[in-house]
Each structure stands twice: as structure tokens, then as C-alpha cells.
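One structure is given below, encoded as C-alpha cells.
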Amino acid sequence: MDLSPFKQDIDELIDEFSQGESTTLTEMKRVWLSRKFSFIFEASPSSNLGFFMQSLYGHSIGHMVNGASLSQRLGGLYCLYCLYETQPFKPRYLIYISLGELTKLRELVVDAKEKGIRVVCALVNWMLVKNMFLLGAVEFNEGSVKERINELTDLQNARVGVAYKKLLENTRIEHFLHMDLGAESDVEMLKKMSTDYAKAKELAIKEASEVVDVENVKHLSENKNLIGDVVEKIAQEWIIQKQAFYEKTGFKPPSAQENQELERDTLGMEPATNHLPIEQKKEND
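In C-alpha cells, the structure reads:
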């Protein structure tokens, strides 16, 4: 996948922005709209969209951390923000940023505040509040693309694992997943009761046959499917299904101590959201 034309477009966008030593997000939006830059997504590939977006993000971050002037660095930040906000993909691709790049971003915020460019701090805070960043450890360069994609995959898998754990922690699924159906149903007692009932039923029909015609109810004593045996079979099938579930998901059966904790119900909480558009924040040059 040749991304050179896309990177050149980003270079030209930031060059035009920085030619007049521009420093505001409003000015970047003006340049962005004048160049109809959102059309960059019209030429996006039909596959490897994650790689495509991270490449655009990475190139913008390169300007943000390595720009020769403050205007170029700000241009990289504003371009990064606009790429995220205008992407047509649902869900949106998060911005992968390394620890080193995050440190450089902090330095950019400090430099901008010293120059009185307060919109930068507001913008970065907004990006953090909206969880636009995906924090990692690998610096982006042409030779580390595969390593970076692998780390993104690991991060995504870890997030799925955390979500899976939270799902089980915050619902009754955990209780039913680990319960012993045989113990819950007291199979041994049911077997004894059903056996005693079957014997009593057989004896009652036998005694009744001595005085009345029991041909129409005789079949009732011939039923060999005792309820205790049926429940025991279901309990055994439950154990087999649980084991298959453990093997497929990698989820481990709980320890004795964890079993005690599982007896207590847990309450889930829905996160609150705070929608505050960046456009409402005033810029002070």
C-alpha cells in the first residue's frame, strides 16, 4: 500500500498552515476546508483501514513532535484532531500514541501556554476526555509498522478481556456459570424421593388391582424415567458444557475462596458521559 500521496497531502496542508506562522485551530479549519481535505478519505483503501488511519495519524504526529517551528508542531496537532473528527469510519479509529510522543505533546502544550495560545490546552484536554488516544510503547516509523500493528492487536485483545471480565463481574452470569447444578438441585435427595415415590406408586396400583380394574392406570407404574435420574443426567451434561466453555474462552474455574465471593451479588454502574464540543471553547491568540 503506497501511502506517499496521502503523506504529501498532509505535508502540504501543514506547510500552508505554518507559512503565515498560524497558531489557532480556527486557522487550521480554514485551510482544511479551503483544500477540501476531508476528501482524503475518498481514496482510502478497501482493506487494512486500521493501518491506513494509523499511518495518517503517525505522519501528523511526526509533524507535531518534530516540527521545525511552533506553528508546524501545532499544525501537526490540529491535523491529527481533524483527521480523527472527520473520518467516516464507525466506530472511529483511535489515535495510537507512544509514551515518548505523549511527552512531546505535553511539551507542546507547555510551549503554547507560554505563548498565550490557550486553545491548545483546551483541545488536548478535550481529546483526552473523549478518549481519542490509545496509549502504547512503540514509536512510529517506517520500520516499526508491523510491531506497532501487533501491539495494537494485543491492546485490543486486552480490552476485550477486560470487558469480558467486567461482564461476568457485573451480572448474574458469573453465578450461573460456576454453580454446581447437581448440588443446587440436591440430586441425591431427588433420586431418593423419586425412587420412593415410584415404589409407593407401584405398591398402590398393585393393591388396588386386587379390588378394581387398574388396566387403564397400570402404565403409570411402568415409567422407568425417574425424575432424580433425569436431573442427574442434566447435571452431568451441565458439567460437560461448562468444561467446554472454559476450554473455548480460556476462562478458569474459580478457587474455593473465589467461590465464596461469587455468592455475593455485584452491581454494575454505567459510565457517565460529558458532551462538550470543542467549538464552544473560546480561542485566545
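Each residue of the sequence shown is one higher than the one before, counting from 1 in UniProt numbering. Every residue gets a Cβ at the ideal spot worked out from N, C-alpha and C, and that includes glycine.
- What is the residue span of the alpha helix (DSSP H) that residue 55 lies within? 49-66
- Task: For the segment 9-28 and the segment 41-53, state whether three or more C-beta atom pairs, one from each stretch, are separated by less than 8 Å.
- Result: no
- Message: Do residue 83 and residue 6 count as a contact pair if the criterion is CB distance below 8 Å?
- Response: no
- Secondary structure of residue 98, DSSP reduced to three states: strand
- Query: Using the C-alpha atoms, what's the distance from residue 240 back to residue 109?
  - Reply: 57 Å
- Query: Looking only at its own chain, which residues have a Cβ that is under 6 Å from the Cβ of residue 78, when we skip the five neighbours before and after it?
  - Reply: 25 and 28
- Check residue 3 in the structure and name its three-state DSSP category. coil
- Query: Where does residue 20 fall in DSSP's three states?
  - Reply: coil
- Tell me, please, whether the segment 127-134 touches the segment 90-104 by the rule of three or more beta-carbon pairs shorter than 8 Å. yes
- Task: For residue 272, collect the residues of the same chain with a Cβ closer than 8 Å to its Cβ; drop the 5 residues on either side in sequence, then sort them by chain order.
- Result: In this predicted model, residue 272 has a pLDDT of only 35, less than 50, meaning its place in the structure is not dependable enough to derive any value.
- Task: Give the C-beta separation of residue 23 and residue 71 to the nearest angstrom, bearing in mind that I take them to be a contact with Cβ-Cβ under 8 Å.
- Result: 6 Å
- Query: residue 113 and residue 121: beta carbons closer than 8 Å?
  - Reply: yes
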